[in-house]
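Using our numbering, read the sequence shown as starting at 19 and increasing by one per residue. Positions of the beta carbon are idealized from the N, C-alpha and C atoms, including for glycine. What you are looking at is a predicted structure, and each value in this text was computed from that prediction instead of being measured. Here the structure comes first, spelled out in structure tokens, and everything after it is commentary.
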Amino acid sequence: ILRGKKLEPVHQGRVIALKRFKEDASEVRAGYECGIQISGFNSFQAGDIIECFEIQKIRPSL
């Protein structure tokens with residue numbers, strides 16, 4: 019979660035729930051409303067930016 023004019027990070031955690039129209043969702047397209055729950059965080063403020071990424075471990079190939 020990024021906040022403020024300088025977009026300073028205020029929390030980093032896992033997305034534990036994502037909902038669209040009260041139904042569980044695995045993704046939501048840009049521009050659509052959704053509900054999100056992030057582990058250890060519930061003090062969202064207007065203007066917060068939620069930045070999500072996925073970490074994948076990939077074995078190097080020869």
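8 Å contact criterion, which residue i and residue j should meet: CB distance rounded
i     : j     : result
Leu36 : Pro27 : Between Pro27 and Leu36 the Cβ distance is about 20 Å, and since that is not below 8 Å, they are no contact.
Contacts around residue i, its chain only, beta-carbon distance under 8 Å, and the 5 residues preceding and following it disregarded
i     : result
Cys70 : Val33
Between the CA atoms of residue j and residue i - distance to the nearest angstrom
i     : j     : result
Phe59 : Phe39 : 22 Å
Cys52 : Gly65 : 16 Å
Ser79 : Val46 : 33 Å
Lys24 : Gln63 : 15 Å
Gly49 : Arg77 : 35 Å
Ser61 : Ile73 : 25 Å
Residues near residue i in its chain [Cβ-Cβ closer than 7 Å; skip 5 each side]
i     : result
Ile68 : Ile19 and Ile54
Strand pairing of residue i, partner residues [DSSP]
i     : result
Glu41 : Arg38
Gln74 : Gln74 is not bridged to any residue.
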